[in-house]
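Student: Numbering (my numbering), first residue to last: 1471 to 1572.
First the structure, then my questions, so here it is.
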DNA sequence: TGTTTGACGGACA
DNA sequence: CTGTCCGCCAAAC
């Protein structure tokens, strides 16, 4: 079907919504959990299309290097620090905050 | 229809 | 640590 990608979008929303407060996940991690490895970029695009009013914790998604990829890093960093996550020099310790799923 | 772009990821120097 | 390169993929040109 042509909506296989539409389903992935809903999967991504559900997964991101499940990231615990105080934890982070990577784009690749979300893509894998959504059953779509190789689609990490798609995850980024989906999050970029969220309305500013969304309640989804999109700020808990960072890249595999532990860095913020969001074009507006300031906003994301504020949100992360607001829930106790330490962001040092634009970096976050995955070792310490990554959502353990498998 | 070919090329570029982007909130990615991993390997490597 | 930083920068480069390449694989991947859908959307926008």
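Think of the CB as a built atom: it goes at the ideal place given N, C-alpha and C, for glycine as much as any other residue.
Can you list, in chain order, the residues of its chain with a C-beta nearer than 8 Å to that of residue 1490? Leave out the 5 residues immediately preceding and following it.
Tutor: The answer, listed in chain order, is 1569.
Student: Is it true that the stretch 1505-1525 meets the stretch 1542-1555, where meeting means three or more beta-carbon pairs spaced less than 8 Å apart?
Tutor: Contact fails: fewer than three Cβ-Cβ distances are below 8 Å.
Student: Give me the Cβ distance between residue 1532 and residue 1506, rounded to the nearest whole Å; I'm assuming they're in contact under 8 Å.
Tutor: Not a contact, Cβ separation roughly 19 Å.
Student: For the stretch 1526-1567, which segments carrying the alpha helix (DSSP H) assignment without a break, of at least 4 residues, lie completely within its bounds, in sequence order?
Tutor: Listed in chain order, the complete alpha helix (DSSP H) runs (minimum 4 residues) inside the stretch 1526-1567 are 1543-1552, 1564-1567.
Student: Any idea which residues DSSP pairs residue 1500 with across the strands?
Tutor: The partner list for residue 1500 (beta bridge, DSSP) is empty, contrary to what the question assumes.
Student: Using 10 angstroms around the beta-carbon of residue 1488, count the other beta-carbons present and answer buried if the total reaches 16, otherwise exposed.
Tutor: Exposed, since its Cβ has fewer than 16 Cβ neighbours within 10 Å.
Student: Ends of the alpha helix (DSSP H) at residue 1481?
Tutor: Residue 1481 -> alpha helix (DSSP H) spans 1474-1487.
Student: Of the residues 1544, 1529, 1540, 1542, which one's Cα is nearest the Cα of residue 1567?
Tutor: Ranking 1544, 1529, 1540, 1542 by Cα distance to residue 1567 puts 1529 first.
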